[in-house]
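Visitor:
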Amino acid sequence: MSDTLLSARNLAFELYEVLDAEALSQRPRFSEHNRETFDAALGTARSIAENLFAPHNRKNDEHEPQYVDGGAKLIAEVKPALQAFNEAGFLNATRDFELGGMQLPNLLSQACFAHFQAANIATASYPLLSMAAANLIEAFGDDVQKRRFLQPIIDGRFFGTMALTEPHAGSSLADIRTRAEPAGDGSYRLKGNKIFISGGDHDLSENIVHLVLARLPDAPAGVKGISLFIVPKFLVNDDGSLGARNDVTLAGLFHKMGWRGTTSTALNFGDQGNCVGYLVGKPHAGLAYMFQMMNEARIGVGMGAVMLGYAGYLYALDYARQRPQGRLPDAKQAGGQVAIIEHADVRRMLLAQKAYVEGGFDLVLYCARLVDDSQTLEDAGQREEAAQLLDLLTPIAKSWPSEYCLQANALAIQILGGHGYTRDHPVEQYYRDNRLNPIHEGTHGIQSLDLLGRKVGQHGGAGLQALRQRILDTCQRAEPFSELDALRQPLQTLLERLSEITLGLLGDLQQGRINTALADSALYLKVFGHLVLGWRWLEQAVRAEQGRLADHGADADFYEGKLQAARYFLLREVPSCHHDLDILARRDDTCLAMQGAWF
């Protein structure tokens with residue numbers, strides 16, 4: 001496997017040494033799979049990603065979609081790449097065999113899809129959204145909706161979107177104004193405007209299925225009055241054939257700094273008064289349904305952020321090994337130049353990138369494994385615990401890689417020096433592409449409010465207790481390795497201190513001091529994320545120690561690299577969190593007390 005997308009050895013380490021993917025084949029749903037079938041799927045994903053996605057990544061960036069005759073026109077290379085993706089089965093990788101799927105574990109599906117995100121994040125966004133739309137309709141749509149809209153998405157004929165944001169509201173979904181009026185025949189007529197709709201128009205598929213949030217005439221105020229509607233670009237007849245063009249208009253395209261190959265659209269619904277939509281599920285329950293798609297997209301954004309950081313890291317690593325420049329501080333000036341990887345500061349930057357991207361990769365794959373556990377574990381209690389832990393970790397999986405794998409991209413540019421910010425090398429595009437991810441699917445601040453304001457306290461703190469126990473279990477398994485004592489102790493110290501501060505913040509919330517408790521939720525998310533990543537790095541360190549002792553040196557450099565990255569994160573990054581904890585502990589109000597007029 002090429003190491004231009006991700007490290008083949010690290011992928012095998014994650015799947016088979018850390019997350020025990022082979023054990024999933026012992027479960028009835030995955031009993032027809034084994035490591036051979038898993039590796040075959042990964043190999044196919046790698047081949048399509050390298051041969052059809054990666055070659056037009058730069059062209060995607062240089063030739064943005066164009067507004068032509070009322071529609072969005074993309075470069076020619078995107079469509080055959082997506083056709084190959086669909087024909088290979090990746091659109092339905094986790095779906096039942098009987099429905100044309102591969103019935104792969106979610107863990108393997110995510111690992112396969114990571115190749116496409118590393119190769120071309122913009123082109124990969126179209127199936128990402130379509131898979132999430134299909135899963136939502138499958139979960140909440142009725143039989144007619146599944147026949148008309150789900151099956152064509154599964155077949156690769158229709159693509160899907162999520163249409164939430166409105167010009168006046170942004171992330172404040174409680175303030176959406178799009179309306180849906182009953183038409184008397186079971187359908188509805190929608191009117192409103194949506195913006196920043198990724199994949200909202202293109203020429204890649206026969207139809208586009210928009211999942212639109214709107215209000216019914218009798219809707220209560222706020223988020224409890226939001227309903228969800230299927231609004232197709234083209235109407236679909238009873239026999240499955242396409243009918244007339246629906247009253248959905250492409251009002252314009254946004255031109256972003258990154259993901260330039262993904263159409264970002266402004267859509268008008270009902271300009272002619274005849275935008276047909278179909279209610280999904282119950283009235284006023286749309287936001288709850290949409291959260292399934294949003295959470296799926298959040299984890300997808302997290303993996304996309306990881307893979308952009310990963311691609312930049314691998315490029316910078318290769319560059320550092322080949323680029324001669326300067327001499328070591330203790331060398332005589334007459335000596336020859338050394339490769340820049342020999343300079344300590346370059347190794348520092350590479351090690352930070354490795355810690356961020358390989359830690360983030362482990363986290364998102366771990367979340368994918370939790371999806372499998374929540375669906376296929378035999379014990380109902382264990383399934384519920386996995387679901388609660390996944391719910392707790394979702395804001396971390398979205399936001400932490402979006403912040404720190406972006407930092408990895410910045411370090412990649414720095415390593416290339418003056419060449420780094422030119423378009424002669426891809427690292428500047430990786431950075432621009434990744435800069436969107438701290439905003440995609442909810443900003444860092446929104447994720448932090450979700451984490452502290454909702455997730456840590458829900459279900460009586462069950463998810464938090466499950467996380468705490470798993471961290472302690474990893475610490476216990478690290479104890480036999482004396483080399484890991486110095487790594488285990490900072491993690492345990494951070495766990496205990498964050499647990500104490502969390503209880504205090506939850507107490508503030510319960511007693512009505514909401515603004516004070518949430519004022520620095522972004523700092524809380526950072527520390528919580530570092531705790532989780534520190535745990536995942538200790539887990540990797542335990543597996544690396546086991547591997548190093550077992551393989552008699554065949555993979556010595558790989559395991560030593562893992563241990564060194566774990567040391568970097570647990571000895572440098574984790575202890576740095578205590579300054580932020582001091583701010584949280586004293587409820588510092590510097591930001592909360594600042595007045596708008598003082599700026």
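Position 325 of the sequence shown, counted from 1, bears residue number 325 in UniProt numbering, the numbering being contiguous throughout.
Yeah, the Cβ is synthetic: ideal placement off N, Cα and C, and Gly gets one too.
Nothing here was measured: the structure is a model prediction, and the numbers come from that model.
(1) Which runs of the alpha helix (DSSP H) at least 4 residues long sit entirely within the stretch 45-99? Give them in chain order.
(2) For serine 198, list the residues DSSP reports as bridge partners.
(3) Do leucine 505 and alanine 522 have their CB atoms nearer than 8 Å?
(4) Looking at C-alpha atoms only, which residue of Arg468, Leu108 and Pro28 is the closest neighbour of phenylalanine 38?
(5) With serine 402 and alanine 297 assumed to form a contact (beta carbons below 8 Å), what rounded beta-carbon distance in angstroms separates them?
(6) In the DSSP assignment, find the unbroken alpha helix (DSSP H) run with alanine 305 in it and report its ends.
(7) Could you check the C-alpha separation between isoleucine 153 and valine 144 for me, to the nearest Å?
(8) Please classify histidine 202: is it buried, with 16 or more other beta-carbons within 10 angstroms of its beta-carbon, or exposed?
(9) Just to confirm my understanding: we take isoleucine 340, look at its own chain, exclude 5 residues before and 5 after, and list those with CB closer than 6 Å. What are they?
(10) Do asparagine 106 and glycine 100 have their C-beta atoms within less than 8 Å of each other?
(11) For leucine 228, report the span of its beta strand (DSSP E) as first-last.
(12) Please identify the residue among Ala251, Thr123 and Gln110 whose C-alpha is closest to the C-alpha of valine 68.
(13) Relative to the C-alpha of threonine 4, which residue among Glu32, Leu279, Asn120 and Tyr278 is closest?
(14) Going by C-alpha distance, which of Gly270, Pro220 and Asn207 is nearest serine 241?
(15) How many Å lie between glycine 243 and proline 232 at the Cα?
(16) Going by Cα to Cα distance, which pick from Gly286, Ala285, Gly192 and Tyr310 is closest to glycine 273?
(17) Between the stretch 376-389 and the stretch 261-280, do three or more beta carbon pairs fall short of 8 Å?
(18) Note down, one range per segment and in chain order, each alpha helix (DSSP H) of at least 4 residues found wholly within the stretch 465-550.
(19) Using 8 Å as the cut-off, can you tell me whether the stretch 171-189 makes contact with the stretch 126-135, which would need three or more C-beta pairs spanning the two stretches below that distance?
(20) What's the gap between the Cα of alanine 550 and the Cα of glutamate 17?
(21) Would you call the CB atoms of serine 198 and threonine 262 closer than 8 Å?
(22) Could you give the uninterrupted runs of the beta strand (DSSP E) lying entirely in the stretch 97-165, keeping only those of 3 residues or more?
(23) Identify whether histidine 419 lies in helix, strand or coil by the three-state DSSP scheme.
(24) Exposed or buried, what is leucine 314 when buried is set at 16 or more other beta-carbons lying within 10 Å of its beta-carbon?
(25) How long is the line joining the alpha carbons of serine 7 and valine 78, rounded to whole angstroms?
(26) For the stretch 434-443 against the stretch 465-480, are there 3 or more C-beta pairs whose distance is under 8 Å?
(27) Return the chain-ordered list of same chain residues with a C-beta closer than 8 Å to the C-beta of leucine 490, the five sequence neighbours on each side being excluded.
(28) Check whether the Cβ atoms of arginine 189 and glycine 286 lie closer than 8 Å to each other.
(29) DSSP puts asparagine 207 in a beta bridge; with which residues?
(30) Distance, Cα to Cα, proline 329 vs valine 527?
(31) When you compare each of Ala585, Leu538, Asn51 and Leu416 to aspartate 362 by their alpha carbons, which one comes out closest?
(32) Straight-line CA distance for alanine 221 to glycine 312?
(33) Skipping 5 residues on each side, what residues in its chain have a beta carbon closer than 7 Å to that of glutamine 407?
(34) May I ask which residues mark the beginning and end of the alpha helix (DSSP H) holding threonine 590?
(35) Beta-carbon separation of leucine 19 and tyrosine 366 under 8 Å?
(36) Roughly how far, in whole angstroms, is the beta-carbon of phenylalanine 599 from the beta-carbon of arginine 9, given that I think they are within contact range, below 8 Å?
Guide: Let me lay it out:
(1) As far as the stretch 45-99 is concerned, its whole alpha helix (DSSP H) runs of at least 4 residues are 57-62 and 78-87.
(2) Serine 198 is bridged by DSSP to Ser264.
(3) No, these two residues do not count as a Cβ contact at 8 Å.
(4) Looking only at Arg468, Leu108 and Pro28, the smallest Cα-Cα distance to phenylalanine 38 is reached by Leu108.
(5) Beta-carbon to beta-carbon, serine 402 and alanine 297 are separated by about 13 Å, too far to satisfy the 8 Å threshold.
(6) For alanine 305, the enclosing alpha helix (DSSP H) begins and ends at 286-322.
(7) Looking at the two C-alpha atoms, the distance is approximately 14 Å.
(8) Around the C-beta of histidine 202, 16 or more other C-beta atoms lie within 10 Å, and the residue is accordingly described as buried.
(9) Cβ neighbours of isoleucine 340 beyond the five flanking positions: Ala320, Arg323, Gln325 and Val346.
(10) Going by C-beta atoms, asparagine 106 is not nearer than 8 Å to glycine 100.
(11) Here the beta strand (DSSP E) through leucine 228 covers 227-232.
(12) The candidate whose alpha carbon is nearest that of valine 68 is Ala251.
(13) Answer by Cα proximity: Asn120.
(14) The option with the nearest alpha carbon to serine 241 is Asn207.
(15) C-alpha separation (whole angstroms): 10 Å.
(16) For the set Gly286, Ala285, Gly192 and Tyr310, the Cα lying nearest the Cα of glycine 273 is the one of Gly192.
(17) No, they do not touch.
(18) The stretch 465-550 contains, as complete alpha helix (DSSP H) runs of 4+ residues, the segments 485-510, 514-518 and 521-550 (chain order).
(19) No, they do not touch.
(20) Looking at the backbone, the Cα of alanine 550 and that of glutamate 17 are separated by about 12 Å.
(21) Cβ atoms of serine 198 and threonine 262: closer than 8 Å.
(22) List check, beta strand (DSSP E) in window: 158-163.
(23) Helix.
(24) That one is buried.
(25) So the two alpha carbons sit approximately 25 Å from each other.
(26) The stretch 434-443 vs the stretch 465-480: no contact.
(27) Residue identity differs from the one stated: residue 490 is proline in this sequence, not leucine. For proline 490, where only same-chain residues beyond five positions count, the Cβ hits under 8 Å are Gly534, Leu570, Leu571, Val574 and Pro575.
(28) It is not a contact, given that the beta carbons lie outside the stated cut-off.
(29) Per DSSP, Phe158.
(30) If you take the alpha carbons of proline 329 and valine 527, they lie about 36 Å apart.
(31) Measuring from the Cα of aspartate 362, the nearest candidate turns out to be Leu538.
(32) The straight-line gap separating the alpha-carbon atoms of alanine 221 and glycine 312 is approximately 45 Å.
(33) So the list reads Tyr356, once near-sequence residues are dropped.
(34) That run of the alpha helix (DSSP H) goes 590-593.
(35) Closer than 8 Å, so yes.
(36) A Cβ-Cβ separation of about 50 Å leaves phenylalanine 599 out of contact with arginine 9 under the 8 Å criterion.
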